[in-house]
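Take a look at the structure set out below.
In the working numbering, the protein residues as written are 632 to 1054.
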């Protein structure tokens, strides 16, 4: 699902990180996360703003917003040490769900930590997607199986409903322990994500993390997992004051088929000043239409794309930009010589949607996806200053050549536009 390039570059970096972790005996990696939301108490005004935005989104998401939470962001090279540390500190259970499980050093190291926890008697459960993991390799998956780790290979499952049909896969990234802690975001398990790409994982602790465990259990059931899931009890005690909502795409769950799409469009419609989006895949027509309407009422809309994608997705991104630029939407390429796999939508200083979703049809209609809905103004403002604003400032404007579609290729682009809901 992504362009594979520069596989050798960065191996030394992951080797160094893993060697450093090998001797830490369960101690947390040094250093602070790039962003930690809710580190100071929310003001009364911020609390009202957060509650108001969550209330506007609530009718479109089945899960209630929870407030007894703590959250921190680990982008790029900061993520792998935290994933390993989280596994090492698990006391009761470890649940991992990913689209891609690679046959490389990062993935094998994670798999070996999972195997060790399984042998130590913890409840370890792993979900991998059949399409994603097959494209990335199979040796690491087989390693888990050979050591007895209960593992589900998810789908693809056909579904039919109300005139719609498709193939359901899991594109979620859920890395969870002990019922009250977990990480989610865009990173699959492999060196591409932990060593080379621009991407991120969020650490969630508290009530929202327990909901992530429940979502994993649902996918275990949908994926036909046979080993029993013994969900840890809901967390007690005080974790923080971070408001976290959760939205999913889940085509085989009645009423939850398109939560992410509905929430995102509603949030865009509520925008007042500025929307910043980072998606590697961006071609959903409804989303573009809502963004264009926001631009027409005076909202600044900025979209970061990545050049480093495979041919068909790159063509769809360029086609979307060609048609959206005349509507006032601004576009840039992510400028670093790497794949920008990061996914986010930031609205004003009121709303941040992050997780596994892209801006394409597979995300909104076919896949199992999961996003966090963050409305603490501190968290949103921090993310803007640390991630989305630097991404934009360092970006490169699309040139006329970037969106010039040769006449000979227009039939192909038109065909892609017709079927982009399934890409």
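No residue lacks a Cβ here, since even glycine has one placed at the ideal position from N, Cα and C. All values reported here derive from a predicted model rather than from experimental measurement.
Each residue's CA atom was taken as its position, placing residue 977 and residue 777 some 43 Å apart.
With contacts defined by Cβ atoms closer than 8 Å, residue 878 and residue 732 do not form a contacting pair.
If you draw a straight line from the Cα of residue 926 to the Cα of residue 831, it comes to about 28 Å. Residue state for residue 706 is assigned as strand, using DSSP reduced to three classes.
Within 10 angstroms of the beta-carbon of residue 944 lie 16 or more other beta-carbons, which makes it buried.
Closest in C-alpha terms to residue 989, from the list 937, 910, 929 and 948, comes 910. Contact between residue 851 and residue 758 holds: their C-beta atoms lie close to 6 Å from each other, under 8 Å. Excluding sequence positions up to five before and after residue 839, its CB lies within less than 7 Å of the CB of 697, 700, 875 and 877, all in the same chain and listed in chain order.
Pairwise C-beta distances place the segment 899 to 910 out of contact with the segment 865 to 872, as fewer than three of them are shorter than 8 Å. Cβ-Cβ distances below 7 Å link residue 872 to 669, 672, 673 and 698 in the same chain, with the five nearest sequence neighbours on each side left out; the list follows chain order.
Between residue 728 and residue 893, the alpha-carbon positions lie close to 24 Å from each other. The criterion of a C-beta distance shorter than 8 Å is satisfied by residue 820 and residue 738. Between residue 983 and residue 786, the alpha-carbon positions lie close to 30 Å from each other.
For residue 724, the enclosing beta strand (DSSP E) begins and ends at 724 to 729.
Non-local beta-carbon contacts of residue 789 in its own chain, meaning distances under 8 Å to residues more than five positions away in sequence, involve 796, 797, 798 and 799 in chain order. Residue 684 and residue 917 have their C-alpha atoms roughly 21 Å apart.
About 6 Å separates the Cβ atoms of residue 889 and residue 995, confirming a contact at the 8 Å cut-off. The continuous alpha helix (DSSP H) containing residue 763 extends over residues 761 to 767.
By the C-beta density criterion, residue 1038 is exposed, having fewer than 16 other C-beta atoms within 10 angstroms.
Residue 981 has its alpha-carbon roughly 29 Å from the corresponding atom of residue 711. The three-state secondary structure of residue 965, taken from DSSP, is coil. For residue 878, the enclosing beta strand (DSSP E) stretches over residues 875 to 880.
In this structure, residue 969 sits near residue 829, with a CB-CB distance shorter than 8 Å. The beta carbon of residue 861 sits closer than 8 Å to the beta carbons of 724 and 754 from its chain, once the five residues preceding and following it are set aside; these are given in chain order.
Going by DSSP, residue 945 is part of the alpha helix (DSSP H) stretching over 942 to 955. Sequence-distant partners of residue 962 (beyond 5 residues in either direction) whose C-beta falls short of 7 Å from its own C-beta, in its chain, are 934, 936, 952, 956 and 1029.
Look at residue 673 here: in three-state DSSP terms it is coil, with no helix or strand label. Here residue 855 really is in contact with residue 783; their C-beta atoms are around 7 Å apart, less than 8 Å.
Sixteen is the threshold: when 16 or more other Cβ atoms of the shown chains lie within 10 Å of the Cβ of residue 902, as they do, the residue is buried.
Annotation: residue 959 to residue 823 spans about 34 Å, alpha carbon to alpha carbon.
Just so you know, the alpha carbons of residue 726 and residue 811 end up roughly 12 Å apart. The Cβ atoms of residue 837 and residue 987 lie no closer than 8 Å to each other.
DSSP, read as helix, strand or coil, puts residue 687 in helix. Annotation: residue 1001 to residue 1019 spans about 20 Å, alpha carbon to alpha carbon. Here the alpha carbon of residue 689 sits roughly 11 Å from the alpha carbon of residue 898.
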